[in-house]
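One structure is given below, encoded as structure tokens.
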Amino acid sequence: MRPSESVAARELASIRAQGLLRRLRAARADGAHAIVGRRRLLNLSSNDYLGLSSGIPRWAQAASSSRLLSGNDPGYGPLERSLAAHRSCRAALVFPTGYMANIGAVCSLAGRGDTILSDELNHASVIDACRLSGAKTVVYAHNDVGALERGLARARGTALVVTEGVFSMDGDVADVRAIAGAARRHGAIGVLDDAHGDFVLGPRGGGTGSAERARMDVHTGSLSKALGSLGGYVAAGRRAVDLCANRARTMIYTSALPPAVVGHARARLAEPKAARRRRLARNVGMLHECLDSMGLGREGARTHIAPVVVGDERRAVRLGERLAERGVLAHAVRYPTVARGAARVRLSVTAWPGEGELGRGLDEVRRACRSLRVS
74 MRPSESVAAR ELASIRAQGL LRRLRAARAD GAHAIVGRRR LLNLSSNDYL
124 GLSSGIPRWA QAASSSRLLS GNDPGYGPLE RSLAAHRSCR AALVFPTGYM
174 ANIGAVCSLA GRGDTILSDE LNHASVIDAC RLSGAKTVVY AHNDVGALER
224 GLARARGTAL VVTEGVFSMD GDVADVRAIA GAARRHGAIG VLDDAHGDFV
274 LGPRGGGTGS AERARMDVHT GSLSKALGSL GGYVAAGRRA VDLCANRART
324 MIYTSALPPA VVGHARARLA EPKAARRRRL ARNVGMLHEC LDSMGLGREG
374 ARTHIAPVVV GDERRAVRLG ERLAERGVLA HAVRYPTVAR GAARVRLSVT
424 AWPGEGELGR GLDEVRRACR SLRVS
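The numbering used here puts the first residue of the sequence shown at 74, with every later residue one more than the last.
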């Protein structure tokens, strides 16, 4: 049994013994009523206090409740089953945002007396999750599996290892196979935040940790990046997901996504994406050729995200402004998003632009960098 399932089984048994176990039930709002299974019930669980969701098309309605009350639209079930299959997991749970999914997963699986090992370049949502969990947090050097192993050897309680798949400000990729192996050797729970790699990298867009030997216990992802919708999700074993449904305050104490958003995410997930990934791969190649030609390429970072590291905050802002003047939108990223002295302009390419348009845009990147002597 995976470590996440062992921990979840123990915690769920305690919750069940106290009579506090929660289960999600599908419910579809229908004016003053809710359709639950085949029954039409008077809905006294909704927060639609003024009845403003009635008399409008279903696609325009809000959920008006949390998922554990009457906001668990029937569309969630098929979406979560598809997401679980996508990540080769037993179950999945959708959250309103990826930020909330990270906080929900980490805080459900670790608490006081436990240890979280977090890569130093992890996203703010992971940093906040570590703080909120109450667990001891050990920040290990970026992508340094040796440092991770040393931290795991000293960990107390349940140990959680959390890493991004594609790091959002640097564009480099975690050594997920080595990190997953280290977690397994120490009986730790591996958590992979693959918001920027999901649906893009790996065989058939399976994500950063989709190879068998790189599989982590728990995967978190975003529905609002490569999938072009809204929301986030956790995919893991059945017990771990059930524990999140019982412990994740970011799912329990917030309104559910509107039914239209759930349906949109389902449609985007089912849509073939191979041609889009091929166009993206072409554009990624063009981006890195441009950066290499200026001496700004970075070893080992060949994804759809690439930073032009300037260092000085004001200079980074000037580069962003110069690009905007030349018809290119790329923002300066400064402290505290990145370390002091590591300010940059973050470039990210998509499958949208054709070769000609992207080529012209990258020419403007070259000119702007030359004008400010960025090299």
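Where is the CB? At the ideal position from N, CA and C, for every residue including glycine.
Check                                                                                                                                                                      : Outcome
Taking contact to mean 3 or more Cβ pairs, one atom from each stretch, closer than 8 Å, check whether the region 315 to 329 and the region 386 to 406 are in contact.      : no
Express the C-alpha separation of residue 253 and residue 185 in angstroms, rounding to a whole number.                                                                    : 23 Å
Quick one: what's residue 194 bridged to in DSSP?                                                                                                                          : Answer by DSSP bridge pairing: none, since residue 194 is not bridged.
Given 7 Å as the limit, tell me if residue 104 has its C-beta closer than that to any heavy atom belonging to the ligand COA.                                              : This structure lacks the ligand COA; in fact it carries no ligand of any kind.
Can you tell me which of 220, 355, 332 and 374 puts its alpha carbon nearest to the alpha carbon of residue 133?                                                           : 332
When you compare only the Cα positions, how much space is there between residue 150 and residue 267?                                                                       : 22 Å
At 4 residues or longer, what runs of the alpha helix (DSSP H) sit wholly inside the region 296 to 343?                                                                    : 311 to 320, 322 to 325 and 332 to 343
For residue 442, which of 430, 414, 369 and 431 has the nearest alpha-carbon?                                                                                              : 369
For a quick check, are the C-beta atoms of residue 212 and residue 191 less than 8 Å apart?                                                                                : yes
Taking residue 239 and residue 219 to be in contact with their CB atoms under 8 Å, please state how far apart those CB atoms are, rounded to whole angstroms.              : Contact flag wrong, Cβ pair sits at about 22 Å.
Would you mind working out which of 381, 99, 179 and 154 sits nearest residue 114, comparing C-alpha positions?                                                            : 99
What does the Cβ neighbour count give for residue 175, buried or exposed, with the cut at 16 atoms within 10 Å?                                                            : buried
Can you tell me whether residue 75 is buried or exposed? The criterion is at least 16 other CB atoms within 10 Å of its CB, across all chains shown.                       : buried
Could you pull out every residue in the same chain whose Cβ sits closer than 8 Å to the Cβ of residue 380, ignoring the five residues on either side in sequence?          : 242, 243, 244, 371, 406, 417, 418, 419 and 420
Would you please state the rounded distance, in angstroms, between the beta carbons of residue 432 and residue 359? I believe it to be under 8 Å.                          : 7 Å
Out of 145, 125, 317 and 210, which one is the CA nearest neighbour of residue 329?                                                                                        : 145
Please return the same chain residues whose Cβ sits closer than 8 Å to the Cβ of residue 281, not counting the five positions on each side in sequence.                    : 238, 239, 246, 247, 249, 265, 267, 270, 271, 274, 275 and 287
As a quick exercise: from 383, 382, 384 and 365, pick the residue whose alpha carbon is nearest that of residue 489.                                                       : With the chain covering 74 to 448 only, the question about residue 489 has no answer from this structure.
Pick out whichever of 110, 140, 102 and 108 has its Cα sitting closest to the Cα of residue 124.                                                                           : 102
Using a Cβ-Cβ cutoff of less than 6 Å, which residues in the same chain neighbour residue 263 once the five nearest sequence positions on both sides are dropped?          : 234, 253, 256, 289 and 290
For the beta strand (DSSP E) that contains residue 213, what are its first and last residues?                                                                              : 209 to 213
What residue range is occupied by the uninterrupted alpha helix (DSSP H) comprising residue 417?                                                                           : Here residue 417 belongs to no alpha helix (DSSP H); instead the beta strand (DSSP E) covers 416 to 421.
Is it the case that the region 152 to 160 contacts the region 196 to 204, given that we only count it when at least three CB pairs across the two stretches are under 8 Å? : no
Using the Cα positions of residue 231 and residue 183, report the straight-line distance between them to the nearest angstrom.                                             : 7 Å
Would you call residue 408 buried or exposed, if buried means 16 or more other Cβ atoms sit within 10 Å of its Cβ?                                                         : exposed
Nearest by alpha-carbon distance to residue 437: which of 354, 402 and 410 is it?                                                                                          : 402
Rounding to the nearest angstrom, what Cα-Cα distance links residue 130 and residue 415 in this structure?                                                                 : 49 Å
Pull up the distance between the alpha-carbon of residue 439 and that of residue 357, whole angstroms please.                                                              : 16 Å
Suppose you measure from the CA of residue 429 to the CA of residue 207; what does that come to, to the nearest Å?                                                         : 51 Å
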